[in-house]
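Undergrad: I have a structure I would like to understand better, so I am pasting it below and will then ask my questions one at a time.
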Amino acid sequence: MFVEQIITIMVEDETLKIQAKANKLDTFKYAFEELFIDKLISLMEQNQEIFEKIIEDTPFGTLVKELIMKTVYARLNIPMPA
Numbered sequence: 473m474f475v476e477q478i479i480t481i482m483v484e485d486e487t488l489k490i491q492a493k494a495n496k497l498d499t500f501k502y503a504f505e506e507l508f509i510d511k512l513i514s515l516m517e518q519n520q521e522i523f524e525k526i527i528e529d530t531p532f533g534t535l536v537k538e539l540i541m542k543t544v545y546a547r548l549n550i551p552m553p554a
């Protein structure tokens with residue numbers, strides 16, 4: 473549920489929408505990473521335990537960040553119906 477919260481917040485971000493449409497995943501990564509920690513911190517109070525695990529357990533945090541980034545990128549690049 474926490475991961476889905478972050479994904480939803482990231483997908484709704486207007487800056488990321490623009491970046492996802494204009495860039496390949498490798499370049500999108502930089503815009504994503506800038507906002508990821510900010511969004512994570514905004515949810516920290518509600519989810520202290522998972523936040524600490526993501527920040528302190530580097531392999532786990534990297535895995536979670538990659539999963540979220542790829543999901544956000546994919547959702548932001550879904551073709552809009554004509």
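Take my numbering: the last position of the sequence shown gets the number 554, and nothing is skipped along the way.
Every residue, glycine too, gets a C-beta built ideally from N, C-alpha and C.
Looking at residue 507 and residue 432, is the spacing between their C-beta atoms short of 8 Å?
TA: Outside the modelled stretch of the chain, which goes from 473 to 554, sits residue 432, for which no answer is possible.
Undergrad: Looking at residue 478: is its Cβ nearer than 8 Å to the Cβ of residue 515?
TA: Cβ atoms of residue 478 and residue 515: closer than 8 Å.
Undergrad: Between the Cα of residue 509 and the Cα atoms of 481, 545 and 473, which residue gives the shortest distance?
TA: It is 481 whose Cα lies nearest to the Cα of residue 509.
Undergrad: What separation, rounded to the nearest whole angstrom, lies between the Cα atoms of residue 522 and residue 503?
TA: Going from the Cα of residue 522 to the Cα of residue 503 covers about 23 Å.
Undergrad: Answer with buried or exposed for residue 492, where buried requires no fewer than 16 other C-beta atoms within 10 angstroms of its C-beta.
TA: When all chains shown are included, residue 492 counts as buried.
Undergrad: Which of the three DSSP states, helix, strand or coil, is assigned to residue 486?
TA: If DSSP states are grouped into helix, strand and coil, residue 486 belongs with the helices.
Undergrad: Using beta-carbon positions only, say whether residue 548 and residue 483 come within less than 8 Å of one another.
TA: Yes.
Undergrad: Does DSSP classify residue 541 as helix, strand or coil?
TA: Helix.
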